[in-house]
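S.K.: In the working numbering, the protein residues as written are 2 to 372.
Structure representation (structure tokens):
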């Protein structure tokens with residue numbers, strides 16, 4: 002997946018009296034209360050489908066499926082090179098491929114996609130299953146544990162370690178560093194964001210230096226694959242961007258899995274019938290996973306900015322102003338998904354969900370995430 006911290010998707014339309022009144026009263030404005038946020042989405046879709054907030058310097062928020070899908074697919078109008086996440090890196094850094102537009106985006110995306118073809122995903126299955134069993138066994142032996150912090154965060158680090166061919170001792174180092182970095186980002190603590198990001202860059206530098214000395218099969222190794230690519234002028238990719246892409250890849254799967262697995266386990270703990278159904282018939286698990294991704298999209302959304310002035314639902318959006326294309330709102334749009342807040346196994350149109358995004362910046366790690 003192209004990584005970023007989740008957008009805080011709380012917007013209030015300056016021109017809408019109903020939503021304007023809720024600035025000081027909606028729990029979603031001041032917390033991560035998911036139920037409150039989902040209720041806000043439902044209101045915004047009906048009353049103000051393109052809303053605006055002054056939070057994080059001001060940004061627009063889309064909540065209707067059709068608008069969000071169209072924006073995600075139109076990378077010429079809705080660009081990523083100005084701002085791709087809200088809140089954005091407090092230091093203003095831009096890393097590929099998330100923060101790049103085509104054609105600059107293309108070689109980085111090509112290199113990463115090359116390492117996630119079906120044959121590679123199949124080969125990763127056995128070691129990743131082994132890591133999952135070993136981590137879960139620790140919780141089983143204790144008889145209790147936190148599935149997000151004690152299992153998912155460590156497991157995500159092992160997924161990254163296997164995909165990027167890191168040394169085994171890197172996994173715990175990555176888990177602790179990425180966790181501290183995410184926490185600092187959420188608090189907009191620029192000093193600690195820099196501190197922990199520097200440690201991630203050190204890991205990226207070590208990987209890149211080793212692959213220059215000991216290149217691996219580019220179909221199996223992201224760093225080796227990146228070193229083969231050229232920019233639009235036929236020149237080798239710049240060192241700073243190579244490091245940035247590897248560093249981005251190091252954390253690409255560190256944010257979403259704990260959130261996603263936490264949502265799944267919480268849901269299953271409350272729906273004992275579904276839990277039993279999946280235990281008895283594991284063939285239903287892939288379909289269940291797709292519905293879980295729709296319901297519990299770990300990234301609420303990503304940001305774009307308009308490359309030109311556009312008018313949408315009567316609102317004029319100026320170039321350079323951030324726009325949240327809120328996938329979690331699209332996935333709960335009742336005009337597309339019947340009973341959108343309900344888990345429906347084998348939902349007929351489940352392939353329409355946008356839990357992995359759309360367009361040029363769809364989740365690069367979707368095959369790995371699904372596995």
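Just so it is clear, CB atoms sit at the ideal spot from N, CA and C, and this is done for glycine as well.
Can you check whether the C-beta of residue 247 is within less than 7 angstroms of a C-beta belonging to chain C?
M.R.: The structure shown contains no chain C; it is built from a single protein chain.
S.K.: Can you tell me where the beta strand (DSSP E) with residue 63 in it begins and where it stops?
M.R.: First-last of the beta strand (DSSP E) with residue 63: 60 to 63.
S.K.: Could you tell me whether the segment 290 to 300 touches the segment 335 to 354, using the rule of 3 or more Cβ pairs below 8 angstroms?
M.R.: Judged by Cβ distances under 8 angstroms, the segment 290 to 300 makes contact with the segment 335 to 354, as three or more pairs qualify.
S.K.: Hey, how far is the Cα of residue 281 from the Cα of residue 301?
M.R.: For residue 281 and residue 301, the distance between alpha carbons rounds to 32 angstroms.
S.K.: By Cβ distance, which residues of its chain are closer than 7 angstroms to residue 84, with the 5 residues on each side in sequence left out?
M.R.: Contacts found: 304, 306 and 323.
S.K.: Exposed or buried, which one is residue 70 when buried takes at least 16 other CB atoms within 10 Å?
M.R.: When all chains shown are included, residue 70 counts as buried.
S.K.: Decide if residue 250 is buried, meaning its Cβ has at least 16 other Cβ atoms within 10 Å, or exposed.
M.R.: By the 10 Å Cβ count, residue 250 comes out buried.
S.K.: Going by the beta-carbon positions, is the gap between residue 66 and residue 334 smaller than 7 angstroms?
M.R.: Contact flag set, yes.
S.K.: Between residue 338 and residue 332, what straight-line distance do the alpha-carbon atoms span, to the nearest angstrom?
M.R.: Computed Cα separation, rounded: 7 angstroms.
S.K.: Should residue 210 be labelled buried (16 or more other beta-carbon atoms within 10 Å of its own) or exposed?
M.R.: That one is exposed.
S.K.: Identify the continuous alpha helix (DSSP H) that holds residue 212 and give its terminal residues.
M.R.: Where residue 212 is concerned, the enclosing alpha helix (DSSP H) stretches over 191 to 214.
S.K.: Please classify residue 365 as buried or exposed, where buried requires at least 16 other C-beta atoms within 10 Å of its C-beta.
M.R.: Counting Cβ neighbours within 10 Å, residue 365 comes out buried, since at least 16 surround it.
S.K.: Which term fits residue 253, buried or exposed, when burial requires 16 or more other beta carbons within 10 angstroms of its beta carbon?
M.R.: With 16 or more Cβ atoms within 10 Å of its Cβ, residue 253 is classed as buried.
S.K.: To the nearest angstrom, how far is the alpha carbon of residue 132 from that of residue 288?
M.R.: Those two C-alpha atoms are separated by around 23 angstroms.
S.K.: Which residues in the same chain as residue 359 place their Cβ atom closer than 7 angstroms to its Cβ, once the five residues preceding and following it in sequence are excluded?
M.R.: If we look at residue 359 and ignore the five residues flanking it on each side, its Cβ neighbours are 70, 73 and 74.
S.K.: Tell me whether residue 355 is buried or exposed, calling it buried when 16 or more other Cβ atoms sit within 10 Å of its Cβ.
M.R.: With 16 or more other Cβ atoms within 10 Å, it is buried.
S.K.: Would you check if the distance between the CB atom of residue 361 and the CB atom of residue 76 is smaller than 7 angstroms?
M.R.: Yes. Within cutoff.
S.K.: Specify whether the segment 176 to 195 and the segment 260 to 274 touch according to this definition: at least 3 beta carbon pairs, one from each stretch, less than 8 angstroms apart.
M.R.: The segment 176 to 195 is not in contact with the segment 260 to 274.
S.K.: What are the complete alpha helix (DSSP H) segments, minimum 4 residues, inside the segment 229 to 270?
M.R.: Taking only runs of at least 4 residues, the alpha helix (DSSP H) segments lying wholly in the segment 229 to 270 are 240 to 253.
S.K.: Let me know the secondary structure DSSP gives residue 297 once reduced to three states.
M.R.: Of the three classes helix, strand and coil, the one that applies to residue 297 here is coil, per DSSP.
S.K.: Which partner residues does residue 307 have in the DSSP bridge list?
M.R.: DSSP output for residue 307 lists 79 as bridge partner(s).
S.K.: How about residue 226 and residue 124: do their beta carbons lie closer than 7 angstroms?
M.R.: It is not a contact, given that the beta carbons lie outside the stated cut-off.
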